[in-house]
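These notes are about the structure you will find just below.
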Amino acid sequence: MRFGTVEQAIEDIREGKFIIVADDEDRENEGDLICAAQLVTPAKIHFLIKRAGGQICLALTPERCDQLGLPAQADEDRDRYRTAFTVSIDAAHRFGVTTGVGAADRAKTIQVAVDPATVPSDLRRGGHVFPLRAREGGVLQRVGHTETAVDLARFAGLYPAGVICEILNDDDSAPARRPQLERFAEEHKLTFITVAQVVAHRLRTERLVHRVAEARLPTETGDWRIIGYRNDVDTHEHVALVHGDVGDGENVLVRMHSKCLTGDVFGSRRCDCQWQLHAAMDMIAEQGRGVVVYLDQEGRGIGLLNKLKAYELQDAGIDTVEANERLGFKPDLRNYGIGAQILLDLGLKSIRPMTNNPKKLVGLEGYGLRVDEGVRIQGPVTAENRGYLDAKRLKLGHLFSH
3 MRFGTVEQAI
13 EDIREGKFII
23 VADDEDRENE
33 GDLICAAQLV
43 TPAKIHFLIK
53 RAGGQICLAL
63 TPERCDQLGL
73 PAQADEDRDR
83 YRTAFTVSID
93 AAHRFGVTTG
103 VGAADRAKTI
113 QVAVDPATVP
123 SDLRRGGHVF
133 PLRAREGGVL
143 QRVGHTETAV
153 DLARFAGLYP
163 AGVICEILND
173 DDSAPARRPQ
183 LERFAEEHKL
193 TFITVAQVVA
203 HRLRTERLVH
213 RVAEARLPTE
223 TGDWRIIGYR
233 NDVDTHEHVA
243 LVHGDVGDGE
253 NVLVRMHSKC
263 LTGDVFGSRR
273 CDCQWQLHAA
283 MDMIAEQGRG
293 VVVYLDQEGR
303 GIGLLNKLKA
313 YELQDAGIDT
323 VEANERLGFK
333 PDLRNYGIGA
343 QILLDLGLKS
353 IRPMTNNPKK
363 LVGLEGYGLR
373 VDEGVRIQGP
383 VTAENRGYLD
393 AKRLKLGHLF
403 SH
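So, in structure tokens, the structure goes:
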């Protein structure tokens, strides 16, 4: 079965129909039914309960979650895919909602939640509808069903919120995979698309990054261009280092490097960041052209001071992954959507990323870049960084030969 088009999916959402959206192959590899929250009915909720089988969730913008006073669950972002649940809700009794369990009650709760006139006191906490807080910037910041639902509703000219429900197998209640999803789509005559298609649609029609400055940067590895970027999502500032002529955009050597003050600047031996950065620049200089995107994502996304707190915990005997989790963070909070947009802004089409992280390759492909091959970039293993590298290999899936 061929996937449908994003344009058809948007039209279906506008008409109040369900669509199926498949996840990325290397994420949950699942499929969700999605419809516009503004157009939800008891019959639609009943269909989700009887035919989909997963948890019925309400995807909302960050702004709407704040307006409704919906805090994150106590275990916010504890699942590996950064699914941001808020507290669950039911509409207040005055809206005719009783137990909150039935299809009519859940549909009413969703209708109340997306009514612009609703205030926090109109909702009861600890209910039967499970809101999800979408990332600002949508699928260009997180390639997920939550962001897809919000983006598609917005594209359809509707209130930016969606109802989503995972499709489960009838026999074992496990998440349905592509063959089952295709049969489901054919049986119910539903448009079937992927999150990656929605990403590509947005990349064709909009940009979140903007060039601010560009200058010559002479270094020990030769002359580079340094280009500064701001983005519309947050206050982080990023730079691209460009060496040689990358004008054709094909088969370009690329290093997507997250900022590491302790390693890159001070030469810390706790990590291999400085070695990887310098090695990447050397390899690009030898090739004659390439790009380093230097992303403001200190400490795998937790920030400098939190990284130092993680170092304290590591000094007490736990590894880098456990330290992040002890501080309440995911092991890796980095996001490569903005970096991918920077590469696209530079005109790149196909790339050879220098990385030991296979998830980074998948993430870049999801943003419309063709990955020709990954280039390993492994530095020396020392007594100081062995534990760090082992944790990345064993717990984060990085590919090292030691």
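In the numbering used here, each residue's number is its place in the sequence shown (first place is 1) plus 2.
For every residue, glycine included, the Cβ atom is placed at its ideal position computed from N, Cα and C.
Computed from a predicted model, the values in this text were never measured in an experiment.
- Between the C-alpha atoms of G230 and D347 there is a straight-line separation of about 12 Å.
- Your pair L125 and A94 checks out as a contact, with CB atoms roughly 7 Å apart and the cut at 8 Å.
- In the structure shown, the three-state DSSP call for H280 is helix.
- DSSP, reduced to helix, strand and coil, places S352 within a strand of the structure shown.
- Residue pairing by DSSP puts L134 in a beta bridge opposite A61, F87.
- With a contact defined as Cβ atoms closer than 8 Å, I379 and A287 miss out at about 14 Å.
- At the C-beta level, Y296 and V241 come within 7 Å of one another.
- Within the same chain, A312, L315, Q316 come within 6 Å of A325 by CB-CB distance, once the 5 residues on both sides are set aside.
- A direct Cα-to-Cα measurement between G55 and E375 gives close to 39 Å.
- In the displayed model, Y338 falls within coil according to three-state DSSP, outside both helix and strand.
- In the DSSP annotation of this structure, the continuous segment of the beta strand (DSSP E) that includes T221 starts and ends at 211-221.
- Residue pairing by DSSP puts V165 in a beta bridge opposite C37, L60.
- DSSP, read as helix, strand or coil, puts F194 in strand.
- By the neighbour-count criterion, in which a residue is buried when 16 or more other Cβ atoms sit within 10 angstroms of its Cβ, G301 is buried.
- Counting only unbroken stretches of 3 or more residues, the beta strand (DSSP E) elements lying wholly within the region 104-128 are 125-127, in sequence order.
- Annotation for A45: A105 place their beta carbon closer than 8 Å to its own, counting only its chain and skipping 5 residues before and after.
- In this structure V42 is in contact with V165, their Cβ atoms being roughly 5 Å apart against a cut-off of 8 Å.
- Between F157 and C59, the CB-CB gap reaches or exceeds 7 Å.
- Note: P177 is bridge-paired with L170 in the DSSP secondary-structure output.
- The three-state reading of DSSP puts N326 in helix, counting H, G and I together.
- By alpha-carbon distance to G349, the top candidate from T100, G159, L160, V244 is V244.
- Check the Cα spacing between R227 and each of V235, R209, D247, D234: the tightest is with D247.
- For I304, there is no enclosing alpha helix (DSSP H), as DSSP gives it neither H nor E.
- Secondary structure of D236 (DSSP, three-state): coil.
- Contact between the region 10-20 and the region 144-164 is established, with three or more Cβ pairs separated by less than 8 Å.
- The continuous stretches of beta strand (DSSP E) do not include H48, which lies in the alpha helix (DSSP H) extending over residues 44-49.
- Burial check for P220: the Cβ neighbour count within 10 Å stays below 16, so the residue is exposed.
- Here the region 132-144 lies against the region 61-74, with 3 or more beta-carbon pairs under 8 Å apart.
- In the displayed model, Y313 falls within a helix according to three-state DSSP.
- For D92, the secondary structure class from DSSP, reduced to helix, strand or coil, is strand.
- With respect to A24, T207 sits apart: the two C-beta atoms are not nearer than 7 Å.
- Per DSSP, the unbroken alpha helix (DSSP H) holding I15 starts and ends at 8-16.
- In the DSSP secondary-structure assignment, A242 is bridged to I229, V295.
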